[in-house]
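Colleague: Every letter in the sequence shown is one number past the one before it in this note's numbering, and letter 507, counting from 1, is 760.
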Amino acid sequence: MSHAATLTGSYDYRLVVLSVLIAILASWAALDLGARVTAARKRARVTWLTGGAAAMGLGIWSMHYVGMLAWSLPVPVLYDWPTVLVSLLVAMFASGIALYVVSRTEMRFRQTAVGGIAMGLGIAAMHYIGMDAMRMPAMCRYSPELVTLSVVLAIAISIVALQLTFRLRDDTAPAGWRKPASAILMGSAIPVMHYTGMAAVTYIPTSSVPDLTHAVQISELGLAAIVTVTFMILSLSILTSLADRRFSAQALELSLSAQRYRQLVESAQVILWQRDAASGQFEFVNKEAEELLGYPAEQWLANPSFLFEHVHPDDRELTESACRGVAENGGSQRCEHRMICADGRVVWLRTSIRLVAGDGKDAELIGVMTDITERKRAYDAAEAASRAKSEFLASMSHEIRTPMNGVIGMTELVLDTDLTVEQRDYLNTVRTSADLLLTIINDVLDFARIEAGKLDLDPAPFELRESISQVMKLLDVRARQKGLHLLCDIGSDIPRRIVADGPRIGQIIVNLVGNAIKFTDRGEVKLEVGLEAPHGDEWQLHFIVSDTGIGVAPEKQKLIFEAFSQADNSTTRRFGGTGLGLTISSRLVEAMGGKMWVESELGKWSRFHFTARIGLCPEPAPTNDKVRLAGASGSR
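1. Going along the chain, which residues of its own chain have a beta-carbon closer than 7 Å to the beta-carbon of Gly-586, five neighbours each way excluded?
2. Could you say if the stretch 270-277 and the stretch 443-453 meet the contact criterion of at least three C-beta pairs nearer than 8 Å?
3. Between the stretch 384-392 and the stretch 341-353, can you find at least three pairs of beta-carbon atoms closer than 8 Å?
4. What distance in whole Å lies between the Cβ atoms of Leu-710 and Arg-845, which are believed to be in contact at a cut-off of 8 Å?
5. Return helix, strand or coil for Lys-848, following the three-state DSSP convention.
6. Answer yes if the stretch 352-365 comes into contact with the stretch 311-330, meaning at least three C-beta pairs across the two stretches below 8 Å, and no otherwise.
7. Taking Gly-620 as part of the beta strand (DSSP E), name the residues at either end of that continuous run.
8. To which residues of the same chain is Asp-624 closer than 7 Å at the C-beta, ignoring the five residues directly before and after it?
9. Quick one: grab the DSSP three-state call for Leu-812.
10. Residues in the same chain with beta-carbon distance under 8 Å from Pro-433, minus the five sequence neighbours each way, listed in chain order, please.
11. State the DSSP-derived secondary structure class of Phe-419, mapped to helix, strand or coil.
12. Does the separation of the CB atoms of Thr-773 and Gly-736 fall below 7 Å?
13. In terms of residues, what are the limits of the alpha helix (DSSP H) holding Glu-791?
14. Applying the 10 Å Cβ sphere with the 16-neighbour rule, what's the burial state of Arg-827?
15. Which runs of the beta strand (DSSP E), 3 residues or longer, sit entirely within the stretch 325-361?
16. Does the Cβ-Cβ distance between Thr-336 and Ala-386 come in under 7 Å?
17. For Arg-840, does the three-state DSSP call read helix, strand or coil?
18. In the DSSP assignment, find the unbroken alpha helix (DSSP H) run with Ser-605 in it and report its ends.
19. Does DSSP put Ser-823 in a helix, in a strand, or in coil?
20. So what's Pro-566 in DSSP terms, helix, strand or just coil?
21. What first and last residue would you give for the beta strand (DSSP E) that runs through Ile-739?
22. Could you give the C-beta distance for Ile-524 and Ala-542, rounded to a whole number, given that I count them as a contact under 8 Å?
23. State the Cα-Cα distance for the pair Leu-311 and Leu-278, rounded to the nearest angstrom.
24. Could you work out which residue in Ile-479, Glu-536 and Met-439 is closest to Ser-411 when comparing CA atoms only?
25. Report the option in Ala-308, Ala-753 and Gln-676 whose CA atom is closest to the CA atom of Met-485.
26. When the Cα of Met-911 is compared with those of Val-405, Pro-327 and Trp-314, which residue comes out closest?
27. Taking the CB atoms as reference points, tell me whether Gly-714 and Cys-594 lie closer together than 7 Å.
28. Can you give, in chain order, each stretch of the alpha helix (DSSP H) that sits fully within the stretch 655-707 and has at least 4 residues?
29. From the DSSP output, which residues share a beta bridge with Trp-858?
30. Leaving out five residues before and five after Asn-822 in sequence, what residues of the same chain have Cβ atoms less than 7 Å from its Cβ?
31. Taking C-alpha atoms, which residue in Leu-326, Arg-363, Ile-382 and Cys-741 lies nearest to Ala-344?
32. Alpha carbon to alpha carbon, how far is Glu-808 from Arg-201? Give it in angstroms, no decimals.
33. From Glu-536 to His-565, what does the alpha carbon distance come to, in whole angstroms?
34. Buried or exposed: where does Val-482 fall if 16 or more other Cβ atoms within 10 Å of its Cβ makes it buried?
35. Once the 5 residues before and after Arg-750 are set aside, which same chain residues still bring their CB inside 6 Å of it?
36. What does the alpha-carbon distance come out to for the pair Val-609 and Ile-747?
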């Protein structure tokens, strides 16, 4: 047939551009829908697959028909609507195949090829079925070469589209460039197949009248309706996909958070429970309760009184009081109690209870129960060992001190008889050694009493100046022997008589001043006593013992207050001593409501402080304010 016998048409390029935009929008929807179908499960997966196939198929079909309407012929063209409907269903079917393929866990080359061929043939079938729906006084003649090319292009474009959708389905970047670029690439490629298929057709006019039984004419209004509906459905699909992606991400995060919370709760090696504050009904208990106590969780949940029924009878009132107090007053409470296990064992638990606001319900009690059985046994064993040690030391010290007093007494009696110089020398050495040993025994006895908690203070009125003067006179002898100045300064505002344990204050002064003399080779040792601000009805004395001795290193200043410790092991060999003096003194000071601390510069000086709370007697304070002892000069 000659060229003159064919119909010549023309394109409305506005509709061509519109068809390309629809293709791009359909491609974008396909990328999002592929991700949603992949993420969905069970019924939701079927829903997304069906809805996605419908939306994506409508987009491809709409691009096809807008492209066909963009081609104008010099004869009237109508469309057989049943055939048009079939082409739409074919487009949806091809889209469903594509979404199913890209939603698989893996997509190898074989799967891609099979899916691309099925989708490409479906798109080609949609195109040529749509062409067959045309009703006009002309017939279509197809170029086999161009038809084959259009089918090959449809398959190739489908394979590329499947690969892009599969690779980008998990791309959640809000501002990424890969998805827009892929949508533009796919949206530009799909019309290539369509317009290649359009170029494969030659329209030859005929005199026969076409079958117009189901034929309709698509007006400009109909075209606008098709485009509008397509844009609305595709846009709605994209927005729904984006919203579902966000909700799915939030749901996944909540699910992971809940899973982590459950794992944390179930793996915790403590009993965790939750109960209604008003009714006492248990709402949750973790598996550790069954593993530790042996009772199934169902028993906790079925019986509101389960906890108290299995608490040791001696501790039941304590536990009930703690729960009741938290439920009524809020806050938190902690108690230690015993609980009877399913096998009859008794375990110690430390229970912490807190009141929290319920989730839309009444307030709830949260309990955390920690097994402290081993710690309790170890503590009880340590307490028993400490008591046994203290009782042993107290008993032995007492038993040793009794004969030692006899040794000292008999030595004193012998010294009062006629002796040779050599004999008197020997007996003086015996007496000195016995006095030293008795001091050590007294220290050990005091320490044992303190450790056993049996050292009680005996506050009574006494004259502070006179007591300190007597103590300093005894220590002055030792200071004179070393050529040291021993000074004492008592504040003028201190009352003559106070209420305190005078012998214990004297013992502390003897320990501190005695140590100062022992560790000072030259210079002076000074005791200062001052009165500090009152604490309620009680006043506080501040004692300072300073010296010019060897000092204490900064890292040793806390160690020296520990039992059997000295600043340096070499001091024990050089100066002797048990290392109990400062420990006993610091414990006595604490018992008097005060504290003890030290300031020192190594090799130059030391200054020991301690405070003690006292009561006041009604007698007026004296006017004399100082007592001075000078060991080196011999004056007082």
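We put the CB at the ideal spot given by N, CA and C, even for glycine. All values derive from a computational prediction rather than experimental measurement.
Modeller: This is what the structure holds:
1. Note on identity: in this sequence residue 586 is Gln, with Gly being the wrong assignment. Cβ neighbours of Gln-586 beyond the five flanking positions: Ala-575, Gly-578, Val-579 and Ile-606.
2. Contact holds: three or more Cβ-Cβ distances are below 8 Å.
3. Below 8 Å, too few C-beta pairs join the stretch 341-353 and the stretch 384-392 to call them touching: fewer than three.
4. Checking the sequence, you will find Met at residue 845 rather than Arg. That pair is a contact at about 7 Å.
5. Coil, per DSSP.
6. Taking a contact to require three or more Cβ pairs closer than 8 Å, the stretch 311-330 and the stretch 352-365 do not qualify as touching.
7. Run containing Gly-620: 617-624, per the beta strand (DSSP E) assignment.
8. Hits under 7 Å: Leu-545, Val-600 and Leu-602.
9. Helix, per DSSP.
10. Closer than 8 Å at the Cβ level, and outside the excluded window around Pro-433, lie Trp-281.
11. Reduced to three states, the DSSP call for Phe-419 is helix.
12. In this structure, Gly-736 does not lie closer than 7 Å to Thr-773 by Cβ.
13. DSSP places Glu-791 outside any alpha helix (DSSP H); the residue lies instead in the beta strand (DSSP E), whose first and last residues are 791-800.
14. Low confidence applies to Arg-827: its pLDDT is 47, below 50, so where it sits in the model is not reliable, and the reading given next is rough at best. Counting Cβ neighbours within 10 Å, Arg-827 comes out exposed, since fewer than 16 surround it.
15. Counting only runs of 3 or more residues that sit fully inside the stretch 325-361, the beta strand (DSSP E) segments are 331-333, in chain order.
16. Against a cut-off of 7 Å, the Cβ pair of Ala-386 and Thr-336 comes out as a contact.
17. Three-state DSSP puts Arg-840 in a helix.
18. That residue, Ser-605, is in no alpha helix (DSSP H); its beta strand (DSSP E) goes 599-609.
19. For Ser-823, the pLDDT reaches just 49, beneath the cut-off of 50, and the residue's location in the model is therefore unreliable, although a value from the coordinates is still provided. Ser-823 sits in a helix when the DSSP states are folded into three classes.
20. Note: Pro-566 maps to helix in three-state DSSP.
21. The identity of residue 739 in the sequence shown is Leu, whereas the question assumes Ile. In the DSSP assignment, Leu-739 falls within the beta strand (DSSP E) that extends over 738-743.
22. The pair is a contact, with the Cβ atoms about 5 Å apart (cut-off 8 Å).
23. As the crow flies, the alpha-carbon of Leu-311 is around 11 Å from that of Leu-278.
24. Relative to Ser-411, the option among Ile-479, Glu-536 and Met-439 whose CA is nearest is Met-439.
25. If we check each option's Cα against that of Met-485, Ala-308 comes out closest.
26. Since the first and last residues shown for the chain are 254 and 889, residue 911 lies out of range.
27. Per the sequence presented here, residue 714 reads as Pro, with Gly not at that position. No, Cβ-Cβ distance for Pro-714 and Cys-594 is not below 7 Å.
28. Those alpha helix (DSSP H) runs which fall completely within the stretch 655-707 and span 4+ residues are 674-705.
29. Bridge partners of Trp-858: Glu-854.
30. In this predicted model, Asn-822 has a pLDDT of only 49, less than 50, meaning its place in the structure is not dependable; the value taken from the coordinates is given anyway. In the same chain as Asn-822, and ignoring 5 residues on each side of it, no C-beta atom comes closer than 7 Å to its own.
31. Closest by alpha carbon: Ile-382.
32. As displayed, the chain neither begins before 254 nor continues past 889, which places residue 201 out of reach and without an answer.
33. Using only the alpha carbons, I get a separation of about 23 Å.
34. The residue in question, Val-482, is exposed, as its Cβ has fewer than 16 Cβ neighbours within 10 Å.
35. Within the same chain, Arg-750 has close Cβ partners Pro-714, Glu-716, Cys-870 and Glu-872.
36. Approximately 55 Å, taken between the alpha carbons.
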